[in-house]
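Colleague:
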Amino acid sequence: MFACKCFRYLVGGLLFSPLRRPVQASRGLVSSYSSSSNSSSGSRAVTSTCPNPYNSMQEENPFREMAREGVPRTDEPTDVAAPKKEEQDLPKLSPQEFRIYNRMAEHMDMFHENFRQSWNLLMGACTAGKRPQGMSIRAFLSVGEQFCHHLTIHHTIEEQHIFPVLAKKMPAFKKELQLLTQHKKIHQGLDKFEEYISQCRSGKKELRLEEMKGVMETFGGVLWQHLDDEVRELRAENMRKFWSPAEMRSLPM
1 MFACKCFRYL
11 VGGLLFSPLR
21 RPVQASRGLV
31 SSYSSSSNSS
41 SGSRAVTSTC
51 PNPYNSMQEE
61 NPFREMAREG
71 VPRTDEPTDV
81 AAPKKEEQDL
91 PKLSPQEFRI
101 YNRMAEHMDM
111 FHENFRQSWN
121 LLMGACTAGK
131 RPQGMSIRAF
141 LSVGEQFCHH
151 LTIHHTIEEQ
161 HIFPVLAKKM
171 PAFKKELQLL
181 TQHKKIHQGL
191 DKFEEYISQC
201 RSGKKELRLE
211 EMKGVMETFG
221 GVLWQHLDDE
231 VRELRAENMR
241 KFWSPAEMRS
251 LPM
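Under full-length UniProt numbering, the first residue of the sequence shown is numbered 1, with each subsequent residue one higher.
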């Protein structure tokens, strides 16, 4: 990977830098591209088979750890985290109870929405056959690189600090069941995508949007399904089946 010159750029409301530490995240489409200083390139993003870098977390809130590790999120959740018909059919929760039961879905969805936005920017360019207006190849590849890096961190924290807690009562979060199986399938394609981005950045390969699209399509379907499935499992109508309000308050997340 070649060293980037100092710059930051704004894409879809997401502020990126070569350090892969987004400063802010909010909803929006491609908005502008600008330069600034005091940044330098970081090391290659960790892979999906990396050892646990979060041994010191203990009972700390994993969502805060994601934010501290630079994984961006949007300001608001989407309707994926909103109550559905199942919630209406159950005994009514008070507003306070609903907030307690639904907070994990909302927090998770704000991280997931940022991944959706980044994916749409990348895939949109591949489908259109051109990068967003005003975005250099270097900036475009950095969006892809950060997408891989942040998704790997996000899944690492989930598997080591969120899923084990939820799996005590919720079958969907146990090993070898749907959500973890989706993680494995996602990273089979994500690792190839990360390698393609790295080769383009190093100059070993020329960026070809049609080729990049083909790599993304190998894991896009399972990724989008997973982003929604995980949030649905965390919605109030499901969480209340397994946890009491007191237990929800005690969960370290």
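The beta carbon of each residue, even a glycine, is placed where N, CA and C say it ideally should be.
Between which two residues does the alpha helix (DSSP H) holding phenylalanine 63 run?
Modeller: Run containing phenylalanine 63: 62 to 68, per the alpha helix (DSSP H) assignment.
Colleague: Using DSSP with H/G/I as helix, E/B as strand and the rest coil, what is valine 215?
Modeller: Note: valine 215 maps to helix in three-state DSSP.
Colleague: Counting only runs of 4+ residues fully inside the region 135 to 172, write out the alpha helix (DSSP H) ranges in chain order.
Modeller: Listed in chain order, they are 137 to 157 and 163 to 166.
Colleague: Can you tell me the Cα-Cα spacing of serine 32 and histidine 149, whole angstroms?
Modeller: Since pLDDT at serine 32 reaches only 29, below the 50 mark, its modelled position is unreliable, and no value is offered.
Colleague: The alpha helix (DSSP H) spanning proline 95 covers which residue range?
Modeller: Segment 95 to 128, the alpha helix (DSSP H) holding proline 95.
Colleague: Return the chain-ordered list of same chain residues with a C-beta closer than 6 Å to the C-beta of histidine 183, the five sequence neighbours on each side being excluded.
Modeller: Hits under 6 Å: His155.
Colleague: Out of Met123, Leu166, His112 and Glu158, which one is the CA nearest neighbour of glycine 144?
Modeller: Nearest option by C-alpha distance: Met123.
Colleague: Look up aspartate 75 in the DSSP assignment and say whether it is helix, strand or coil.
Modeller: Residue state, collapsed to three classes: coil.
Colleague: With H, G and I counted as helix, E and B as strand and the rest as coil, what does DSSP make of alanine 82?
Modeller: Here alanine 82 sits in coil by DSSP.
Colleague: Counting pairs of beta carbons, one from the region 66 to 86 and one from the region 225 to 233, are three or more of them closer than 8 Å?
Modeller: Counting Cβ pairs under 8 Å, three or more are found: they touch.
Colleague: In three-state DSSP terms, what is phenylalanine 193?
Modeller: Of the three classes helix, strand and coil, the one that applies to phenylalanine 193 here is helix, per DSSP.
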